[in-house]
Amino acid sequence: MTAKRLRVLVTRRWPEAAEHYLTERYEVTLNAEDAPMSPARLAQAFDEYDVICPTVSDKIDADIIGAAPRLTRLLANFGVGFDHIDIAACKAANVAVTNTPGVLTDATADLAMALILTAARRTGEGERELRDGRWSGWRPTHLMGRSLSGKTLGLVGFGRIAQATAHRAHHGFGMNILYYSRSAAAPDVERGLGANRMATLEELLRRSDVVSLHVPGGAETSNMIGAKEIAAMKPGAILVNTARGGVIDHDALAAALKSGALSAAGLDVYPAEPVVPASLLGLENVVLLPHLGSATVETREAMGLRAAANVNAFASGSPLPDRIA
Ligand code: DGY
Numbered sequence: 430m431t432a433k434r435l436r437v438l439v440t441r442r443w444p445e446a447a448e449h450y451l452t453e454r455y456e457v458t459l460n461a462e463d464a465p466m467s468p469a470r471l472a473q474a475f476d477e478y479d480v481i482c483p484t485v486s487d488k489i490d491a492d493i494i495g496a497a498p499r500l501t502r503l504l505a506n507f508g509v510g511f512d513h514i515d516i517a518a519c520k521a522a523n524v525a526v527t528n529t530p531g532v533l534t535d536a537t538a539d540l541a542m543a544l545i546l547t548a549a550r551r552t553g554e555g556e557r558e559l560r561d562g563r564w565s566g567w568r569p570t571h572l573m574g575r576s577l578s579g580k581t582l583g584l585v586g587f588g589r590i591a592q593a594t595a596h597r598a599h600h601g602f603g604m605n606i607l608y609y610s611r612s613a614a615a616p617d618v619e620r621g622l623g624a625n626r627m628a629t630l631e632e633l634l635r636r637s638d639v640v641s642l643h644v645p646g647g648a649e650t651s652n653m654i655g656a657k658e659i660a661a662m663k664p665g666a667i668l669v670n671t672a673r674g675g676v677i678d679h680d681a682l683a684a685a686l687k688s689g690a691l692s693a694a695g696l697d698v699y700p701a702e703p704v705v706p707a708s709l710l711g712l713e714n715v716v717l718l719p720h721l722g723s724a725t726v727e728t729r730e731a732m733g734l735r736a737a738a739n740v741n742a743f744a745s746g747s748p749l750p751d752r753i754a
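For the sequence shown, the residue numbers in our numbering are 430 to 754.
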């Protein structure tokens with residue numbers, strides 16, 4: 430008798446190679462519409478599938494997970510961040526959770542640098558001007574931005590993505606590095622990235638020309654960069670966020686961008702995606718991207734295959750390689 434194939438729900442479309450890998454091995458349901466599933470549909474899925482592969486666009490809270498035993502035993506998240514999943518409720522309901530660490534480090538660090546460069550060199554403003562037919566030709570004072578070489582980049586959080594950003598900024602663009610984290614990195618890691626020692630958040634905000642956020646989302650970091658922290662930043666500094674939108678108080682940020690207290694910002698993430706805070710939409714000096722941190726073909730394929738590796742381990746009863754709960 431052949432063993433029952435696992436029933437797996439993939440809540441959004443993945444790159445073809447990763448979907449193919451999973452569909453070859455399991456009884457997979459793909460979300461043909463590729464639209465967010467309703468809370469009711471997600472709750473129902475917990476009774477229909479052994480494994481659910483959600484993404485950041487699926488809010489999986491205690492109501493959806495429920496307290497009673499359900500069929501679903503694994504959430505193999507497509508992504509590294511997991512603040513959209515109620516981990517405590519998963520633990521209580523005996524549902525394992527995995528993520529996809531490591532494979533999106535370089536893509537997200539590249540995007541952090543892209544935001545830093547776009548904000549510092551005002552290339553978004555330039556492109557809008559040109560496409561709108563407003564460009565009147567070269568002139569010495571046209572759209573002057575800021576140079577990065579010799580400036581200080583402050584990284585809030587110093588995990589894999591922050592360190593990859595530090596590497597690019599220090600070795601590629603000649604920036605000095607400050608960082609603030611829960612714990613100090615090893616001295617050889619600090620040295621390799623041009624950081625002498627861990628700073629306090631206050632020192633980092635005061636001394637950095639560019640501040641880039643790399644902390645996990647969730648209650649612990651909610652509004653971590655609020656009016657007080659923004660006021661503590663160097664006049665004319667740039668704030669960049671590729672982490673989670675809830676980390677910044679966006680009304681305070683919009684006020685600082687309007688007054689010129691900050692010269693620019695670059696954002697890839699927002700508190701209630703896909704809604705972008707209205708206070709930012711009319712501002713020229715903010716770069717707004719639609720959560721593209723990991724959006725390369727190679728990276729999204731690797732994320733799918735990494736989620737699939739966790740499903741494989743679950744199917745064979747092996748330890749889950751990327752278990753977070
Ligand atoms: C991640 O992997 O956390 C990205 O933000 C997409 O979810």
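The C-beta atom is built at its ideal place from N, Cα and C for all residues, glycine as well.
Check: Assigned exposure category for Trp443 - 16 Cβ within 10 Å defines buried; Outcome: buried
Check: Status (buried if at least 16 other CB within 10 Å, exposed otherwise) for Glu658; Outcome: buried
Check: Nearest-angstrom Cβ-Cβ length linking Thr537 and Gly675, presumed shorter than 8 Å; Outcome: That pair is no contact at about 17 Å.
Check: Contact under 7 Å by Cβ, Ala754 with Lys520; Outcome: yes
Check: Closer than 6 Å: Ser723 CB and nearest ligand 1 heavy atom; Outcome: yes
Check: Residues of its chain near Gly623, where Cβ-Cβ distance is below 6 Å and the 5 sequence neighbours each way are ignored; Outcome: His599, Ile606
Check: DSSP bridge partner residues for Gly746 (one or two, in chain order); Outcome: DSSP output for Gly746 lists no bridge partner at all.
Check: Local conformation of Ala690 per DSSP, three classes; Outcome: coil
Check: CB contact flag (Ala591, Leu584, <7 Å); Outcome: yes
Check: Validate contact between the segment 725-734 and the segment 703-717 using beta carbons, cut 8 Å, 3 pairs; Outcome: no
Check: Closer than 6 Å: Gly675 CB and nearest ligand 1 heavy atom; Outcome: no
Check: Bridge partners - Val716, DSSP secondary structure assignment; Outcome: Gly695
Check: Residue range of the unbroken beta strand (DSSP E) whose run includes Glu462; Outcome: Segment: none, Glu462 is in no beta strand (DSSP E) and carries neither H nor E.
Check: Contacting residues, own chain, Cβ-Cβ under 6 Å from Val639 (five flanking each side not counted); Outcome: Ile545, Leu582, Ile667
Check: Short Cβ contact (7 Å threshold) for Asn460 with Arg441; Outcome: yes
Check: Any 3 or more C-beta pairs closer than 8 Å across the segment 627-635 and the segment 562-576; Outcome: no
Check: Ala738 to Val485 span [Cα, whole Å]; Outcome: 19 Å
Check: Check: Gly508 C-beta below 6 Å from any heavy atom of ligand 1; Outcome: yes
Check: Gly586 vs His679 beta-carbon contact at 7 Å; Outcome: no
Check: For Val676, three-class secondary structure by DSSP; Outcome: helix
Check: Own chain residues within Cβ distance below 6 Å of Phe602, not counting five before or after; Outcome: Leu577
Check: Helix, strand or coil at Arg752 [DSSP, three-state]; Outcome: strand
Check: With 16 other Cβ atoms within 10 Å as the buried cut-off, status of Asn528; Outcome: buried
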